[in-house]
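In this note's numbering, the protein residues as written are 186 to 376.
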Amino acid sequence: MTVGGKTTTTADFIFSGCGRVYSADVHTVKAIYPGTFDPLTNGHLDLIARGSKIVDELVVAILRNSEKGMPLFTVPEREEMIREATQGFGNVSVTTFDGLLVDFARQQGAKAVLRGIRAISDYEYEFQMAMMNRKLDPELETLFMMPAEKYTYVSSRLIKGVFQLGGDVTALVPPLVVERLKAKVPKRVQG
Ligand code: PNS
Numbered sequence: 186m187t188v189g190g191k192t193t194t195t196a197d198f199i200f201s202g203c204g205r206v207y208s209a210d211v212h213t214v215k216a217i218y219p220g221t222f223d224p225l226t227n228g229h230l231d232l233i234a235r236g237s238k239i240v241d242e243l244v245v246a247i248l249r250n251s252e253k254g255m256p257l258f259t260v261p262e263r264e265e266m267i268r269e270a271t272q273g274f275g276n277v278s279v280t281t282f283d284g285l286l287v288d289f290a291r292q293q294g295a296k297a298v299l300r301g302i303r304a305i306s307d308y309e310y311e312f313q314m315a316m317m318n319r320k321l322d323p324e325l326e327t328l329f330m331m332p333a334e335k336y337t338y339v340s341s342r343l344i345k346g347v348f349q350l351g352g353d354v355t356a357l358v359p360p361l362v363v364e365r366l367k368a369k370v371p372k373r374v375q376g
């Protein structure tokens, strides 16, 4: 299509005003939402929902070589759960990575990293990570979003601990995660 003597494609935005027509390339923003997700919680899902409204493409990326000790779920199990729980989002994909997050983000062509901040206690760790990532790659931005208030105390670590001691976590993780927890954790201590 030719507008005002300028050839445009559907990948251009056209701004017109005062008799002038401008076109500009569309900026599609791809962001990575990295984490260990052992397992996915409703807090994570809430952040995915919020993030997917802000960016064009959101890649949930599970760290494969986490230093967080013995995980409850294998990486493929976590990947499967997240994939199932996020299938309703048209612009969310799920993958795994290891090594530096900045390298993975660059490989993916992502401009941003999405992270959640639940409480002030998260801030210091998140700030250090964001600054380190900025040092490693000044082009990569970190976006912080806050989950819904009702999930501010929810963490994968607490979910595992409570479930393993027989507590009810049904309001805090997707139903498919409850099922996986039941299958994974010995019957006598299940919630
Ligand atoms: O869910 P988590 O455990 O809080 O996620 C932490 C994660 C995966 C975002 C972080 O450990 C990470 O990015 N690791 C990859 C290694 C890396 O890039 N380290 C330097 C940045 S501090």
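Where is the CB? At the ideal position from N, CA and C, for every residue including glycine.
{"Asked": "Host alpha helix (DSSP H) of I305 (start-end)", "Found": "305-321"}
{"Asked": "Test item, CB below 5 Å from any non-hydrogen atom of the ligand PNS", "Found": "P219, G220, T221, L248, L285, L286, M314, M317"}
{"Asked": "Which of helix, strand or coil DSSP assigns to M266", "Found": "helix"}
{"Asked": "As assigned by DSSP and simplified to three states, the class of Y218", "Found": "strand"}
{"Asked": "7 Å Cβ cutoff, A333 in contact with chain D", "Found": "Absent from the structure is chain D; it holds one protein chain and no more."}
{"Asked": "Beta bridge counterpart(s) of V279 as assigned by DSSP", "Found": "V245"}
{"Asked": "Option in T259, D353, P360, D241 with minimal Cα separation from L299", "Found": "D241"}
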